[in-house]
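Structure record follows, encoded as structure tokens.
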Amino acid sequence: MTSGLALGFVSSASPWQLTSNLFPDKIGGRPSWLALQHLPSPSQLACPICASPMPFLLQVYSTIDERTDCFHRSLFLFMCRNGPCHKQTGISVPFAVFRSQLGRQNPYYSFQPPETEYPSLDTVQALIKAGSFPCAERYNYICPICGCKADKLCSRCKRIKYCSKHHQMMHWKSYHKIDCSSEAPEAKREPRFDANDFLLPEFRVCSEPADESAAVEQDSEDSESDVLSDQGDEEFKELESVAKRETKAEARFRKFKDLMSSEPDQVIRLERGGTPFWLSETPPDIPNCEACGAKRVFEFQVTPQILNYLKLDRLGEASPDFGSLYVFTCSESCPLPRIQLASAEEVCESASTSVTVEYQSEVVVCQMAHDLSLLLPRAIAIDSQQVFLLAHRSVNELIQGVDDVGCVRINTPEFFDKKR
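Numbering (the working numbering), first residue to last: 137 to 556.
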């Protein structure tokens, strides 16, 4: 991985050109797992709010050049697609991110790089048929809907497993009802490259170094000069406080727009150990790595531009939304795989008291667009009057009288004198 800030842009590609052995940066479709055997469990990929399976959002190939055990290193981000779950903000809700890393010598991939970055579908299918294609299906049951680890067996044919009952029902209605038969010698499987209603649209992400205009330069003080003079009266202190919060948010949002305007199509900002651009206030302290105790560092930011490609809007339903996502990972990128005590669920599944971990859970911070006070209307009472701050306008624009839709707006100190 090159040092410095890199920007990721969306590009079209066929699913068979984004497979695990090509170590892609990609959005949507099924995850192209790095370590192929010990995948995250279905419970780890369930939304912590609604418990539904979370679709794969994106993966980033982010190696660490000075580490031989990080010759291959990828981060995998999942996102719940239920709109109401996105009303919350904070750490890892409703998202999940995992880190996986391998040395150049590993059980899954050739020591030498792939011969081509753009294999044909016929070539890939021939390798799959020959059993020589590196894929998670060689080591696990994989859910045909989402491409994640499956542990729920079809009770009729006993040949296909699913990550959840929901995906079993989806597959039954769309495909498996016709194919499922306890008398069939071998159940046919849905082609792994087919899309379905659960998966997000699939794209390649192409990265390139950022120029200086795209770098983050956050001032220690985001606020503008006070726009209201100190009235000295207690009744106006709350109003002034709101106005100042508006200007801070407005200034921060303007900087974010300026940052995006240098490369308006950027969907990812990658800079391990760099400085993210916070869309709203800095979040609480990022928790240390649960595995080794090291601090976590910023790794990459997902911009709201990505939402334009995901086709998440549904008629009459709330859709997922965010202002920016920030992924933080272990500063030591602590070694994988590792052995740890099994959870009760894992003991029941494998009858073993220990498990091998090849995917370490990391941290996602979500900041919503509505965290910015300038995007939300606010109202406060002054002498029983309601003064509405029209949040989509700047404070300077608000100091102009009565709005054309009839909302009373802040005028000048004389306006307040008349109300006293």
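Virtual Cβ for every residue (Gly too), placed ideally from N, Cα, C.
Contact annotation, F234 with F207: C-beta distance approximately 18 angstroms; criterion of less than 8 angstroms not satisfied.
Looking at the DSSP output, I185 shares a beta bridge with no other residue.
Between the stretch 328 to 341 and the stretch 280 to 291, the count of Cβ pairs shorter than 8 angstroms is three or higher; the stretches touch. The C-beta of F214 has 16 or more other C-beta atoms within 10 Å across all chains shown, which makes the residue buried.
If you draw a straight line from the Cα of P440 to the Cα of S488, it comes to about 43 angstroms.
Residues I200, R203, C206, R209, R235 and Q237 of the same chain have their beta carbon placed closer than 8 angstroms to that of S469, with the five preceding and five following residues left out of the count. The three-state reading of DSSP puts P280 in coil, since its state is none of H, G, I, E or B. When Cβ pairs closer than 8 angstroms are counted between the two stretches, the stretch 448 to 463 is seen not to touch the stretch 156 to 167, the count staying below three. For the set C221, C342, E453 and R292, the Cα lying nearest the Cα of A187 is the one of C221. Distance from E407 to A182 at the Cβ level is roughly 30 angstroms; contact not present, criterion being Cβ atoms closer than 8 angstroms. As the crow flies, the alpha-carbon of L172 is around 34 angstroms from that of K223.
Secondary structure at G219: helix, using DSSP grouped into helix, strand and coil. Only buried fits P151, as 16 or more other CB atoms lie within 10 angstroms of its CB. Cα atoms of S377 and K384: separation of roughly 11 angstroms, rounded to the nearest angstrom. Annotation: I475 is outside any alpha helix (DSSP H); the continuous beta strand (DSSP E) that includes it extends over R474 to L477.
A residue is called buried when at least 16 other Cβ atoms come within 10 angstroms of its Cβ; P345 does not meet this threshold and is exposed. The residue among S291, P270 and H302 with its C-alpha nearest the C-alpha of M190 is H302.
Q195 is bridged by DSSP to K162 and F212.
Separation of K288 and S300 (C-alpha to C-alpha, rounded to the nearest whole angstrom) is 7 angstroms.
Between the alpha carbons of Y445 and K373 lies a gap of roughly 44 angstroms. Cβ contact annotation for A454 (same chain, cutoff 7 angstroms, sequence separation greater than five): G219 and P220, in chain order. Within the DSSP secondary-structure output, V229 pairs in no beta bridge. Residue pairing for A142: DSSP places it in a beta bridge opposite P345 and L406. With a 10 Å radius around the Cβ and a threshold of 16 neighbouring Cβ atoms, P249 comes out exposed. For F234, the beta-bridge partners assigned by DSSP are F212 and S497. Counted as a single uninterrupted DSSP element, the stretch harbouring Q261 is not any beta strand (DSSP E) but the alpha helix (DSSP H) occupying residues L257 to A266. Per DSSP, Y254 is not a residue of any alpha helix (DSSP H), being assigned neither H nor E. In this structure, the CA atom of Y197 is about 17 angstroms from the CA atom of G410.
Boundaries for Y275: no beta strand (DSSP E) harbours it, and the DSSP string shows neither H nor E there. Here A272 is buried: its Cβ has 16 or more other Cβ atoms, across all protein chains shown, within 10 Å. In this structure, the beta-carbon distance from S490 to L477 falls below 8 angstroms.
Measuring C-alpha to C-alpha distances from F145 to each of L443, K285, R217 and R166 identifies L443 as the nearest. For Q437, the closest alpha carbon among the candidates C466, K393, F247 and V501 is that of V501.
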